[in-house]
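S.K.:
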Amino acid sequence: MIQPHGGKLINKKIKNKKIDLKNLQKFEINTNTAEDILNIANGVFSPLQGFLCKNDLENVLKEKRLENDIPWTIPILLDFDKNQIKNIKEGDTILLTNNETGVKSLLELEEIYSYDKKKLAQSIFGTDDPKHPGVANIYNMKEKLLAGEITLIDSKPREFDKYNLTPKETRFLFKEKGWKEIVAFQTRNPPHIGHEYVQKTALTFVDGIFINPIIGKKKTGDFTDEVILASYETLIKHYYLKQRAVLSILRTSMKYAGPREAIHHAIMRKNFGCTHFIVGRDHAGVGNYYGPYDAHEIFSEFPDLGIVPVFFRSFYRCIKCGGVVNEKICPHDQQYHINFSGKKIRELLVNGQIPPEDMMRKEVSETILRFKKPFVE
Amino acid sequence: MLKEEEKKYTTISIPTPLAEKIKKRIKGTGFTSLSSYVTYVLREIISGEKEDSEEAFTKEDEKKVRERLRALGYLE
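So the sequence lines, in the order shown, correspond to chains A and B.
So the first sequence is numbered by our numbering: it starts at 117 and just counts up by one.
So the second sequence is numbered by our numbering: it starts at 51 and just counts up by one.
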């Protein structure tokens, strides 16, 4: 089994639940931060044991590595308003809580520090344009950052928990299945034929595929989480060998950081036990902020990443070839090519129409249309 | 500032002929210096070595995980 990132799968769940919380100062955090805590506690963010300190943050921004030289590209940060934290100091232990997730976590406060939002945005996103959604999130952050190790005390059951496997569980599952090489596929949408082509092409060379949709905060017009999961269940049921595919969700927010986020996505899947990671065109991109293959090129900076990227460029249906192809295998002119347009598929589905079967499997379309409200309103 | 930078990097000695060969090899590549090339190669080698990893499962753990995966339909 592939080593977790940094060599050890982190477990920051409390062992002794009999802990006196009465005297701790309590702070309510937002759901994204609570999900970061869950991901640290369950090892999804291994080797992180908490929120980044200043030295680690600066190293991540400058070198794309933690201070100990381990590759890390997206800083995991905890921000607070300075007035909120005026009664706490470095060395204190505080309690972080979140109502939606039921997260209760200790934070051993190692450091309180200031940061430069513009520099943070520029380094992570390659732009300080406030129209970029990731940059806008940074500009909305509070002015102080808190660093330190967390210990998860509690969290509550949530929707889709039956699809929510931890790295410990996926690693066990892959071992039980006898899989040695596993390719991970990251998604935010129901599958069309192009996705299936990419997944099956990669699967041909390994033992199993780990389909790992990101679940969480969505934009208006996006497919709902229920639709994404149901459509994948349908696709796997009808078109995959059950013993070769695992569907499990990942609760984390999209940052839209393009190349840096592609590395982050690969690291998380390595922690789940995957040996390969599919990187498509404009992975984790938004608008025109990144080149279509920037997220491929960045992998050459990390000879020590420990997970193999599987790059896919453009793929389309070729009328002459009579199938789904890519630019390496199809000699025909563009006039014979039909692109898989997510936008077109969405338009048809919005009007209650079944997309053509050479774009989306009929069973998948029917599954989506069974939902009264397949899109986020 | 300089002191902080010094802490992040250290000097190593390699034979001069080897350094010359590397300099020739990296001409026209993405490597901007001898140091960046040597760092890249060493990171690649180090990443191939297995580090000590704590045993993640006790027998009880294993039982719990197997039961949950069965209950969810991931294992038969």
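Glycine is no exception: its CB is placed at the ideal position from the N, C-alpha and C atoms.
1) Leaving out the 5 sequence neighbours to the left and right, which residues in its chain are closer than 6 Å to residue 354 (chain A) when beta-carbon positions are compared?
2) Would you say residue 388 (chain A) faces chain B, with C-beta separation under 7 Å as the test?
3) Compute the distance between the beta-carbons of residue 219 (chain A) and residue 318 (chain A), then report whether it is under 7 Å.
4) Which class does residue 396 (chain A) belong to by DSSP, given the choice of helix, strand or coil?
5) Taking the beta carbon of residue 416 (chain A) as the centre, do at least 16 other beta carbons fall within 10 Å, making it buried, or is it exposed?
6) Using a beta-carbon distance cut-off of less than 9 Å, what residues from the region 411 to 423 of chain A approach chain B?
7) Between which two residues does the alpha helix (DSSP H) containing residue 171 (chain A) stretch?
8) Could you list which residues in chain B have their beta carbon closer than 7 Å to that of residue 292 (chain A), in chain order?
9) Could you check the C-alpha separation between residue 214 (chain A) and residue 152 (chain A) for me, to the nearest Å?
10) Identify each residue in the region 342 to 362 of chain A for which the Cβ-Cβ distance to at least one residue of chain B is less than 8 Å, and report them in chain order.
11) Interface residues of chain A around residue 115 (chain B) at Cβ under 8 Å?
12) Between residue 352 (chain A) and residue 323 (chain A), how many whole angstroms is the CB-CB distance? I'm expecting something under 8 Å.
13) In the DSSP assignment, find the alpha helix (DSSP H) that holds residue 249 (chain A) and state where it starts and stops.
14) In chain B, which residues lie with their C-beta within 9 Å of the C-beta of residue 278 (chain A)?
15) Taking 7 Å as the threshold (beta carbon to beta carbon), is residue 110 (chain B) in contact with chain A?
16) So what does DSSP say about residue 310 (chain A), is it helix, strand or coil?
17) Do residue 244 (chain A) and residue 234 (chain A) come within 7 Å of each other at the CB atom, strictly closer than that value?
18) Can you check DSSP and say which residues form a bridge with residue 441 (chain A)?
19) Are the Cβ atoms of residue 165 (chain A) and residue 226 (chain A) separated by less than 7 Å?
20) Is there at least one Cβ from chain A nearer than 7 Å to residue 93 (chain B)'s Cβ?
21) Mind checking whether residue 395 (chain A) and residue 412 (chain A) have CB atoms under 7 Å apart?
22) What whole-angstrom Cβ distance do residue 240 (chain A) and residue 157 (chain A) have, given they're in contact under 8 Å?
23) Report yes if the C-beta distance between residue 276 (chain A) and residue 365 (chain A) is below 7 Å; otherwise report no.
24) Have a look at the DSSP bridge pairing and note the partners of residue 327 (chain A).
25) Kindly indicate which three-state DSSP category residue 121 (chain A) falls into: helix, strand or coil?
26) Secondary structure at residue 98 (chain A), three-state DSSP: helix, strand or coil?
27) DSSP three-state label for residue 148 (chain A), please.
28) Cα separation between residue 147 (chain A) and residue 195 (chain A)?
29) Can you give me the C-alpha to C-alpha distance between residue 121 (chain A) and residue 421 (chain A), rounded to a whole angstrom?
30) Identify the contact partners of residue 118 (chain B) in chain A, using a Cβ-Cβ distance below 8 Å as the criterion.
31) Identify whether residue 270 (chain A) lies in helix, strand or coil by the three-state DSSP scheme.
32) With a threshold of 16 other CB atoms inside 10 Å of the CB of residue 159 (chain A), please say whether the residue is buried or exposed.
33) Of all the CB atoms in chain A, is at least one closer than 7 Å to the CB of residue 85 (chain B)?
34) Please confirm whether residue 90 (chain B) has its beta-carbon closer than 7 Å to some beta-carbon of chain A.
35) At the level of alpha carbons, what is the spacing between residue 114 (chain B) and residue 289 (chain A)?
36) Drop a sphere of 10 angstroms on the beta-carbon of residue 75 (chain B), count the other beta-carbons inside from all chains shown, and report buried for 16 or more, exposed for fewer.
M.R.: Reading it off the structure:
1) 479
2) no
3) no
4) coil
5) exposed
6) 416, 417, 418, 419, 420, 421, 422
7) 170 to 179
8) 125
9) C-alpha separation (whole angstroms): 12 Å.
10) The residues in question are 362.
11) Residues of chain A passing the Cβ test: 284, 285, 288.
12) Their Cβ separation, rounded to whole angstroms, is 16 Å, which puts residue 352 (chain A) and residue 323 (chain A) out of contact at 8 Å.
13) 249 to 255
14) The answer, in chain order, is 121, 122, 123.
15) no
16) Of the three classes helix, strand and coil, the one that applies to residue 310 (chain A) here is helix, per DSSP.
17) Yes, these two residues count as a Cβ contact at 7 Å.
18) A:432
19) Not in contact: residue 165 (chain A) and residue 226 (chain A) (Cβ atoms no closer than 7 Å).
20) yes
21) yes
22) Actually they are not in contact, since the Cβ atoms of residue 240 (chain A) and residue 157 (chain A) sit about 24 Å apart, beyond 8 Å.
23) yes
24) A:301, A:363
25) coil
26) For chain A, the structure presents residues 117 to 493; residue 98 (chain A) sits outside this window and is missing.
27) For residue 148 (chain A), the three-state secondary structure derived from DSSP is helix.
28) 13 Å
29) Residue 421 (chain A) has its alpha-carbon roughly 8 Å from the corresponding atom of residue 121 (chain A).
30) 285
31) Residue state, collapsed to three classes: strand.
32) buried
33) no
34) Yes, contact with chain A.
35) Whole-angstrom Cα-Cα distance: 12 Å.
36) exposed
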